[in-house]
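Residues 0 to 127 in numbering that gives the first Met the number 0 are what the sequence shown lists, from first letter to last. Worksheet: the structure to be examined is printed underneath.
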Amino acid sequence: MKTLLMLLFMGAALAQTEPPIACNLKTLTAAQRKQLGATGEHAIAAITSSRELPDGYAFRIDPAHASILDVAQWLDLWRRCCPFYEFQIDLHAADGGMWLSVKGRPGVKEYIAVDSPRLATKYPHPAR
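As structure tokens, this is what we get:
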């Protein structure tokens with residue numbers, strides 16, 4: 000019984016440690032906020048296509064316009080103020096392509112457009 004109670008307590012404690020789906024730009028200095036905007040604009044401008052994922056979106060980034068280092072710098076700052084996102088960078092050897100996935104738990108996918116309206120302009124468009 001003690002073990003069961005301990006497991007329930009630990010499970011509840013883990014559930015409470017999940018960050019809220021909200022960004023806190025105050026975690027960044029003024030210079031970092033400026034850099035976040037600049038690196039984000041640079042990476043977003045390099046997006047050539049996108050696809051919807053069950054829990055977010057994947058964006059193809061033209062490595063001729065934004066390097067993996069550019070994208071990594073942007074994500075390093077973005078995750079500091081928005082720790083609930085899950086980011087993944089995939090590099091494909093065959094075509095040299097780079098894909099960035101932005102995703103997370105339920106509610107995160109919908110929040111991306113609130114957090115980054117410019118990125119939302121790169122969402123996939125349904126066939127007409």
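Glycine included, every Cβ here is placed at the ideal spot set by N, Cα and C.
{"Item": "Glu-51 - DSSP class collapsed to helix/strand/coil", "Value": "strand"}
{"Item": "Rounded C-alpha distance that separates Ala-57 from His-41", "Value": "17 Å"}
{"Item": "Where Arg-104 sits in the DSSP three-state scheme", "Value": "coil"}
{"Item": "According to DSSP, residues forming a beta bridge with Ala-57", "Value": "Arg-50 and Ser-100"}
{"Item": "Alpha-carbon to alpha-carbon, Pro-116 and Ile-60", "Value": "17 Å"}
{"Item": "Short Cβ contact (8 Å threshold) for Leu-90 with Ile-67", "Value": "yes"}
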